[in-house]
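Chains as they are written, first to last, in the working numbering: chain A, 1 to 797; chain B, 1 to 107.
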């Protein structure tokens, strides 16, 4: 509740109340304070409701920990861990607490968050004898927030939450997402408002203070009230509730929004970058076959790939999808025992630079170095190939191997190559030992395209979203998948080409390219940055450890529930189902919310500004204030209440069809054009009140007449502004918006006749006035609609 | 009643409402010209005096309304004021229907 008072508008309102209470009427102070109370309650209620919705949604994608308690293993929300729990971690997990390792298997953790060390650190369960160790020296500890890059481990929880190393330094480590397009827009809009409000407020105060018949206090109160009237103080609450309700609706289509502010960018996204795995394809990679280079079968290809494998095999198989698929295939063929006689001596884990992994194993006194990885990377490290038991120089068979690889790739298969060599015995091995290898065979994987992928891509295209594929796969695999899905490929660029390009070239090439193949995580990041620099709102869908930086960088990071923790954590939106079709539903919802937020902003900047301009001008030539400070503030409050249901309004189909963009120039032009309409009709009301109803000597009558007209025009104009079509006939407003607006207009109409109206300084209006008011407001609304034709159709904004 | 700068209340009022209308007219011209410049880079579009007159119907209505409002309020007749409004509304309804019938507006 106290957070509501941080809004600077309330500081102005409190200042108004104090000035009114001390120097003017205590009655004004009471009313202003009551309005502060109502505004705070409204803001608190909406934000509390929004927070509750978000909290419920987050529960759906909370990070889980595999915990063993009293010998029973289960998966729980990591927030419920307590010291003493035994936790198991696997590749891609984020350590959920500070833990002392009791078991580890090839465990490597990325501790960059603490140490800045970009390479993963090896972790073991071995005891240490160190005095006053630094956290980075504790190799048998796994710290909360570190990412398991390789292997698996088990540890006892020592501390959780704020008690952890991360907790103690968390404030300095908060990783903020880059500003979204929507946030940029709101900031620019805020700056525009501040400039206009300051200029107008100072001007009004100066003009009124110079008048001999007006006190300084009245001039100050009036100018402050106009300032408050100009600022849409409920905008944060309206935007938040609008986003939260949208997030709630999106959850029904299994799209979980983790960061509310990303919803609008989700709707405005015009480029969606995705890895093909799991989004365009089934995401379940299967080992289809393993082949030697000759005609006959060679079981070593399978056995060696089981040895050179990072999957953790226990009751379940956990690890990267290809290594897991190798194990699943071996188990299916009952050949998993073939690796048993070998003892692993060392391992050079996979990384995205080498694109291979290697192990050193020993069997019957023979030491072997086995490498498995991307074919080009393996080929580059081979001197020979073994074909039908005979060793041949790789150069003599290179063409045949390339043809075989090309044929398989063109069929959409993903290929890994397996090679080995006898290795000399030594204490440790490094990537430099991955040389002079003999190529043994190929592992052939399939990941078929999803049945609904074609339809989903077409839908995105219809909605103005271009799909780009950013994949670590080779260009042939990516191209085959695109052909099967009938995705037109404008251009294909691979990672090595991209590496040679300057930033200017990259910015150019990202516009023309559909497929980026064989790219590294860093290149994914560059592509997203280049697209953003070109003015696109970029979405990125990924689920792997290496996708986390791109998920952070994109305007909208989209992951799936089955993704590794680090990707889910980095994502703004998590899909509970790996289904591209839900994306288009989410985009529609985002566009709907954006449409309604823009309506509120356009309303605020046009009719609000118009009214306040006329108040300012009238205060100069009228013998009294056109409205008192408390009347302006009350009208402002009533106007805000009327807008509370704007987030539930219907949005026209044309706003859903294309991505919309924040365009501050458009908002400025809109304000400049539509603002004066309401001023003109305010002046007209002044004329009627002064020269037809003789209100020049009746301050209360004048103020009542203008209050009602101003409120009617300010509130009813939403039905014209909310659509580019014919209001009510071809575009119907939401029922809650209609009902609440009618209720507020009715309340504003009867107010001058009530005790509260008398308290606010209003008086009953003559019956003839209502007839003129009705006709005048009708003309105003028709004229604004004609203005819409001029603005949108003739000027084409 | 003589007020600020020696102008009476009616003169002040007429100056303000005329100022507002002129401002809106100038903004309309500015938007029209800037959109025309934009269109020139995107492709040709018919121009000419008739086009200008037709495109600016909204502005003619606005200026017509201004004169009508000043005159009717100067006369001080609610009946004339009401009748004039009804006429303008009828005209605007026809104009709006003519402009929107059977055409979908671009967002």
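We put the CB at the ideal spot given by N, CA and C, even for glycine. Here the structure is a predicted model, which is why all the values come from computation and not from measurement.
How would you call residue i, buried or exposed, if buried means at least 16 neighbouring beta carbons within 10 angstroms?
| i | result |
| --- | --- |
| residue 98/A | buried |
| residue 710/A | buried |
| residue 357/A | buried |
| residue 126/A | exposed |
| residue 381/A | buried |
| residue 215/A | exposed |
| residue 500/A | exposed |
| residue 97/B | exposed |
| residue 407/A | exposed |
| residue 779/A | buried |
| residue 66/B | buried |
| residue 420/A | buried |
| residue 60/B | exposed |
| residue 862/A | Since the first and last residues shown for chain A are 1 and 797, residue 862/A lies out of range. |
| residue 194/A | exposed |
| residue 798/A | What the structure shows of chain A is the stretch from 1 to 797, and residue 798/A is not part of that stretch, so it cannot be assessed. |
| residue 257/A | buried |
So with CB distances below 9 Å, who are the chain A contacts of residue i?
| i | result |
| --- | --- |
| residue 73/B | 684, 687, 688, 690, 691 and 692 |
| residue 81/B | 688, 692, 772, 775 and 776 |
If residue i sits next to residue j, beta carbons under 8 Å apart, how far is it from one beta carbon to the other, in whole angstroms?
| i | j | result |
| --- | --- | --- |
| residue 67/A | residue 76/A | 6 Å |
| residue 326/A | residue 307/A | That belief does not hold up - the Cβ atoms of residue 326/A and residue 307/A are roughly 10 Å apart, past 8 Å. |
| residue 507/A | residue 470/A | No, residue 507/A and residue 470/A are not in contact; Cβ-Cβ is about 16 Å, not under 8 Å. |
| residue 445/A | residue 413/A | 6 Å |
| residue 544/A | residue 558/A | No, residue 544/A and residue 558/A are not in contact; Cβ-Cβ is about 13 Å, not under 8 Å. |
| residue 629/A | residue 28/A | 7 Å |
| residue 221/A | residue 620/A | So it is not a contact: roughly 16 Å between Cβ atoms. |
Check the Cβ-Cβ distances between residue i and every residue of chain B, and say whether any is below 8 Å.
| i | result |
| --- | --- |
| residue 797/A | yes |
| residue 199/A | no |
| residue 147/A | no |
| residue 371/A | no |
| residue 679/A | yes |
| residue 624/A | no |
| residue 617/A | yes |
| residue 789/A | yes |
In chain order, what residues of the same chain lie with their CB nearer than 7 Å to the CB of residue i, ignoring the 5 residues before and after it?
| i | result |
| --- | --- |
| residue 671/A | 605, 606 and 609 |
| residue 295/A | 388 |
| residue 801/A | Missing from the structure shown is residue 801/A; chain A here goes from 1 to 797 and no further. |
| residue 769/A | 693 and 705 |
| residue 661/A | 268 |
| residue 791/A | 673 and 797 |
| residue 300/A | 440 |
| residue 409/A | 415, 474, 476 and 477 |
Name, please, each residue of chain A whose Cβ falls closer than 8 Å to the Cβ of residue i.
| i | result |
| --- | --- |
| residue 68/B | Under the 8 Å cutoff, chain A gives no residues; its nearest Cβ is about 10 Å from residue 68/B. |
| residue 92/B | 779, 782, 783, 785 and 786 |
For residue i, return the contacting residues in chain B, with the cut-off set at a CB-CB distance below 7 Å.
| i | result |
| --- | --- |
| residue 779/A | 85, 88 and 89 |
| residue 669/A | 31 |
Interface residues of chain B around residue i at Cβ under 8 Å?
| i | result |
| --- | --- |
| residue 721/A | Within 8 Å Cβ-Cβ: nothing; residue 721/A doesn't reach chain B, min ~14 Å. |
| residue 768/A | 78 |
| residue 673/A | 24, 27, 28 and 31 |
Return no unless some Cβ of chain A is closer than 8 Å to the Cβ of residue i.
| i | result |
| --- | --- |
| residue 29/B | no |
| residue 60/B | no |
| residue 63/B | no |
Leaving out five residues before and five after residue i in sequence, what residues of the same chain have Cβ atoms less than 8 Å from its Cβ?
| i | result |
| --- | --- |
| residue 496/A | 518 |
| residue 423/A | 360, 367, 368, 369, 429 and 433 |
| residue 720/A | 727, 781, 784, 785 and 788 |
| residue 104/B | For residue 104/B, the pLDDT reaches just 40, beneath the cut-off of 50, and the residue's location in the model is therefore unreliable, although a value from the coordinates is still provided. Excluding residues within five positions, none has a Cβ falling inside 8 Å. |
| residue 213/A | 623 |
Just to make sure I have the definition right: I need the residues of chain B whose C-beta is within less than 9 Å of the C-beta of residue i. Which are they?
| i | result |
| --- | --- |
| residue 676/A | 20, 21, 23, 24 and 27 |
Report all residues from its chain with a CB closer than 6 Å to the CB of residue i; omit the five preceding and five following residues, and keep chain order.
| i | result |
| --- | --- |
| residue 425/A | 367 |
| residue 796/A | none |
| residue 664/A | 188 |
Find the residues of chain A that neighbour residue i, judging by a C-beta separation of less than 7 Å, and give them in chain order.
| i | result |
| --- | --- |
| residue 10/B | 691 |
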